[in-house]
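Residue 798 is where the sequence shown starts when you use this note's numbering, and the numbers rise one by one after that.
Beta carbons are placed, not taken as given, at the ideal position from N, Cα and C, and that holds for glycine.
Predicted, not measured: the structure shown is a model, and the values here were computed from it.
These notes are about the structure you will find just below.
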Amino acid sequence: MLYKYTFNNFPIPNLKLDSDLQELNPICIDILYRRGYKTNQEIREFLFPDASQALKTLNCKDIQEALSLMVDAISNHLPIVIYHDYDVDGITAGAVAVSALRQLGANVNHYANARKDGFGICVNGINNILNKWPQTRLIITVDNGITGIDGIAYAKEKGIKVIVTDHHEPNTILPDADAIIDMKRKDEIYSYKDYCGCGLIFRIMLDLYRKMNKDIKPIMEMLDMVALATVADVVPLIGDNRYYVKEGLKLIEETKRPFFRILATICEVSEFTAHGTLAYKYAPILNSLSRMNKDTGIAVDLLISNDFEWVATETLKLKQLNDTRKELTQTQKELALSKVTETNPPSLVVFDESFSEGVVGIISGQLKDFYHCPVIVFAKSANGVLKGSGRSLGGFNLKEALDKLSYLLLGYGGHAKAAGLSIWPEQLDVFTEEFNKLAEQYVNTYQSSLTIPLAAVLDEQTLTTQLVQDLKILEPYGEGFTEPIFGLKLKCDSVQYIGSEQQHVKFLNNASGISVIVWNKGNIMKQRSLLPNKFIGKPSINIWNGEIRLQFIQDVA
């Protein structure tokens, strides 16, 4: 997919910086200004998130009812079950809830659906809980529950009280739970709406500890898990979330938690970042459990355990499981690509009998990035139902599209950029046709979204190690604040082909020592008669054998 790049080299209005901001690199100020942070206060609040704001009392709907139910269960030692989702957000949310409650003396266990039961609290899940823990009196959902009407009704019939904590969009009718905490409730007036499931239960546990007059330090030490979940669940890294990720990354880098200490070793992490470390190294390892149809409960236990040897053994198994998942994903991605016949499709709906339900979400995301259009990939479940995972971008709201096609679906849920759904096989052709019609209406929106603004155009004088260091103040990058893309004009004196199959390219400017790395374009570059002198990407520093080398990583073609 080809992209268009723009660079508007117009000067920003003369912004007189306060003394504490005057040492910021002008390029950083320029990036922030162009992204809407146009005053000293807005810049300061973005770069240095306010802890008091991010940790204040959560004055939202049903919070007092939820806290009272938890205090009662703890005081009377009533059996509690944390009902968590099976992705990274759900796993970490489960770990936060279980750890926080156990440290208060609660009698608490945890449960998550197998993928065959789908997303969220359900009747089969309640039966499984009662078979394992028949005395359960309180269920607390984390990262799910807002659409679990049948499951919650069944739990209530069994005499179990239910607290829902969720961040997903509710349907028209809310479940009949004893308390529902979800910032996306239509009647919710709390100002901040963008917590992930783990971030929300973190805030609730803070308030629980305050209500019980307990030291909140144990909860603050869980910000490492909140950071991982916030990045993995692709919620906006602004406001409270930005504080959680910045502080959580510090804890992860300190590696006090055995699980993160071991991950840093087996993943060979040298620099801890939201994008590179959490999104691309840690999150897939936790997600591999459900994708490969394994019980995700062990991940909750790994996150909260201090048994270093056990955590090391089981985490290595997780890493190996994820390696197997990668191989499966690559094979099925190639199969999915072979089924696409159009060059620029308005949308894609892909199905094959051999697709694995656990990896269709990854394949859907990869096809979305490759074709730059909304994609849904289906796999056949054990009961013959097709279960799909969708990814979208730009102006095409996936949840709203599925709302319009709900008459064809057995069930669905999600948000603008990602969703899950199920459908009978005989409805697939009709669904594909109708989904494509909706997508065609937004083709112009997609095309306009291919234009990417450059933060600056650099050369061998302005691309410096100091610039790379200065840009770090803008981290973490993620949803709502993406990593800036730069242009580079550089005379290249030589080229090397690197990698096991010489699939990567390294250009070098002898005078400055700057190298440009271009991944997976070896064959294309070998066909060029002249070395390129313009690049699009990101500046970075490579440290090898104690030597600091300045490089520029080509981002896209």
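Next item on the list: Using the Cα positions of Gly-942 and Gly-1181, report the straight-line distance between them to the nearest angstrom.
Entry: Sequence index remark: in the sequence shown, residue 942 carries index 145 (1-based). Sequence index remark: in the sequence shown, residue 1181 carries index 384 (1-based). About 25 Å.
Margin query: Using a Cβ-Cβ cutoff of less than 7 Å, which residues in the same chain neighbour Ala-892 once the five nearest sequence positions on both sides are dropped?
Written below: Indexing the sequence shown from 1 puts residue 892 at position 95. Met-1022, Val-1097, Leu-1100, Ile-1101, listed in sequence order.
Item checked: Reduced DSSP category for Val-1292 - H, G, I as helix; E, B as strand; rest coil -> For this step, residue 1292 is matched to residue 495 along the sequence shown. Note: Val-1292 maps to strand in three-state DSSP.
Checklist line | Candidates Leu-1268, Ala-1253, Leu-818, of which the one nearest Leu-1285 by Cα | finding: As a first step, residue 1285 is located in the sequence shown; it is residue number 488 there, counting from the start. Among Leu-1268, Ala-1253, Leu-818, the Cα nearest to that of Leu-1285 belongs to Ala-1253.
Next item on the list: Could you check what DSSP says for Ala-1252 in three-state terms: helix, strand or coil?
Entry: As a first step, residue 1252 is located in the sequence shown; it is residue number 455 there, counting from the start. DSSP places Ala-1252 in coil when its eight states are reduced to three.
Check: Is it buried or exposed for Asn-1119, if we count other Cβ within 10 angstroms and need 16 for buried?
Finding: For the purposes of this step, residue 1119 is taken as residue 322 along the sequence shown, with counting starting at 1. So Asn-1119 counts as buried.
Next item on the list: Please determine, among Val-868, Cys-1289, Lys-1214, the residue with the shortest C-alpha to C-alpha distance to Arg-1007.
Entry: For this step, residue 1007 is matched to residue 210 along the sequence shown. Measuring from the Cα of Arg-1007, the nearest candidate turns out to be Val-868.
Next item on the list: In angstroms with no decimal places, state the Cα-to-Cα distance between Val-1174 and Asp-1149.
Entry: As a first step, residue 1174 must be located in the sequence shown, where it is residue number 377. As a first step, residue 1149 must be located in the sequence shown, where it is residue number 352. The straight-line gap from Cα to Cα measures roughly 9 Å.
Margin query: For a test of the three-state rule: what should DSSP assign to Gln-1117, helix, strand or coil?
Written below: Reading the sequence shown from its first residue, position 320 is the one you call residue 1117. Helix at Gln-1117.
Check: If you compare alpha carbons, which of Lys-1116, Val-1172, Leu-1183 is closest to Ser-1151?
Finding: Here the question's residue 1151 lines up with position 354 in the sequence shown. The shortest C-alpha separation from Ser-1151 is found at Leu-1183.
Item checked: DSSP beta-bridge partners of Leu-1183 -> What you label residue 1183 is simply residue 386 of the sequence shown in a count that begins at 1. In DSSP, Leu-1183 forms a bridge with Lys-1177, Ile-1220.
Next item on the list: Mind reading off the beta-carbon distance from Ile-960 to Ile-937? Whole number of angstroms is fine, and I expect it under 8 Å.
Entry: Numbered from 1 along the sequence shown, position 163 holds the residue referred to as residue 960. Numbered from 1 along the sequence shown, position 140 holds the residue referred to as residue 937. In this structure, Ile-960 and Ile-937 form a Cβ contact; the two beta carbons are roughly 5 Å apart against a cut-off of 8 Å.
Next item on the list: Can you have a look at Ser-1186 and say buried or exposed, based on whether 16 or more other CB atoms are within 10 angstroms of its CB?
Entry: Your numbering for residue 1186 matches position 389 in the sequence shown. Its Cβ being crowded by 16 or more others within 10 Å, Ser-1186 is buried.
Checklist line | Inter-residue Cα distance where the pair is Asp-1092 and Gly-1036 | finding: For the purposes of this step, residue 1092 is identified with residue 295 of the sequence shown, where counting begins at 1. For the purposes of this step, residue 1036 is identified with residue 239 of the sequence shown, where counting begins at 1. Rounded to the nearest angstrom, the two C-alpha atoms are 34 Å apart.
Notebook entry, point to check: Between Lys-981, Ile-871, Leu-1003, which lies nearest to Lys-853 when the distance is taken from Cα to Cα?
Noted result: Position 56 of the sequence shown, counted from the first residue, corresponds to residue 853. Cα-wise, what sits closest to Lys-853 is Leu-1003.
Note to self: With a threshold of 8 Å, are at least 3 pairs of Cβ atoms found where one atom belongs to the stretch 1122-1139 and the other to the stretch 925-936?
What the structure shows: no
Check: Per DSSP, Arg-1188 is paired with what?
Finding: Taking the sequence shown and counting its residues from 1, the one referred to as residue 1188 is at position 391. Partner(s): Val-1172, Ala-1215.
Next item on the list: Excluding the 5 residues preceding and the 5 following Leu-1115 in the sequence, name in chain order all residues of the same chain whose CB lies nearer than 6 Å to its CB.
Entry: Reading the sequence shown from its first residue, position 318 is the one you call residue 1115. The answer, listed in chain order, is Ile-1082.
Note to self: Can you tell me whether Arg-1325 is buried or exposed? The criterion is at least 16 other CB atoms within 10 Å of its CB, across all chains shown.
What the structure shows: As a working note, residue 1325 is residue 528 in the sequence shown. Exposed, since its Cβ has fewer than 16 Cβ neighbours within 10 Å.
Check: Starting from Glu-862 and walking both ways along the alpha helix (DSSP H), at which residues does that stretch end?
Finding: What you label residue 862 is simply residue 65 of the sequence shown in a count that begins at 1. Run containing Glu-862: 860-872, per the alpha helix (DSSP H) assignment.
Next item on the list: Could you check which residue in Leu-855, Ile-1321, Gly-1191 has the C-alpha nearest to that of Asp-979?
Entry: Stepping through the sequence shown from its first residue, residue 979 is reached at position 182. It is Leu-855.
Notebook entry, point to check: Which term fits Asn-1010, buried or exposed, when burial requires 16 or more other beta carbons within 10 angstroms of its beta carbon?
Noted result: As a position in the sequence shown, residue 1010 is number 213, starting the count at 1. So Asn-1010 ends up on the exposed side.
Check: Does the stretch 972-990 come close enough to the stretch 881-900 that 3 or more CB-CB pairs lie under 8 Å?
Finding: no
Notebook entry, point to check: When the distance is taken between beta carbons, is Val-895 closer than 8 Å to Val-885?
Noted result: Here residue 885 refers to the residue found at position 88 when the sequence shown is read from its first residue. Here residue 895 refers to the residue found at position 98 when the sequence shown is read from its first residue. No.
Notebook entry, point to check: Which parts of the stretch 961-1011 are runs of the alpha helix (DSSP H), unbroken and 4 residues or longer, counting only runs that do not cross its ends?
Noted result: 994-1008
Note to self: Could you tell me the alpha carbon to alpha carbon distance between Leu-1328 and Gln-1300, rounded to whole angstroms?
What the structure shows: For this step, residue 1328 is matched to residue 531 along the sequence shown. For this step, residue 1300 is matched to residue 503 along the sequence shown. Approximately 17 Å, taken between the alpha carbons.
Note to self: I'd like the span of the alpha helix (DSSP H) that includes Leu-1145, first residue to last.
What the structure shows: Here residue 1145 is taken as the residue at index 348 of the sequence shown, counted from 1. It is not in any alpha helix (DSSP H) - Leu-1145 instead sits in the beta strand (DSSP E) that spans 1145-1148.
Notebook entry, point to check: Helix, strand or coil for Ala-903 per DSSP?
Noted result: Mapped onto the sequence shown, residue 903 falls at position 106. If DSSP states are grouped into helix, strand and coil, Ala-903 belongs with coil.
Check: From Ala-897 to Ile-1016, what distance separates their C-alpha atoms?
Finding: Your numbering for residue 897 matches position 100 in the sequence shown. Your numbering for residue 1016 matches position 219 in the sequence shown. So the two alpha carbons sit approximately 7 Å from each other.
Notebook entry, point to check: Less than 8 Å separating the beta-carbons of Val-1032 and Glu-1230?
Noted result: Here the question's residue 1032 lines up with position 235 in the sequence shown. Here the question's residue 1230 lines up with position 433 in the sequence shown. Not a contact, by the Cβ cut-off of 8 Å.
Next item on the list: Go ahead and pull the three-state DSSP assignment for Ala-911.
Entry: Here residue 911 refers to the residue found at position 114 of the sequence shown. Ala-911: coil per DSSP, three-state reduction.
Next item on the list: Could you tell me which uninterrupted beta strand (DSSP E) segments, each at least 3 residues in length, are contained entirely in the stretch 927-959, listed from first to last along the chain?
Entry: 935-939
Item checked: Three-way DSSP call (helix, strand, coil) for Ser-1102 in this model -> Residue mapping note: residue 1102 aligns to position 305 of the sequence shown, counting from 1. Correct three-state label for Ser-1102: coil.
Next item on the list: Could you pull out every residue in the same chain whose Cβ sits closer than 6 Å to the Cβ of Ser-794, ignoring the five residues on either side in sequence?
Entry: An answer regarding residue 794 cannot be provided, because it is not within the stretch 798 to 1354 covered by the chain.
Notebook entry, point to check: In or out: Ala-1362 buried (at least 16 other Cβ within 10 Å) or exposed?
Noted result: One cannot answer for residue 1362 here, as it falls past the ends of the chain, which runs 798 to 1354.
Item checked: Trp-1316 (DSSP reduced to helix, strand or coil) -> Here residue 1316 refers to the residue found at position 519 when the sequence shown is read from its first residue. Residue state for Trp-1316 is assigned as coil, using DSSP reduced to three classes.
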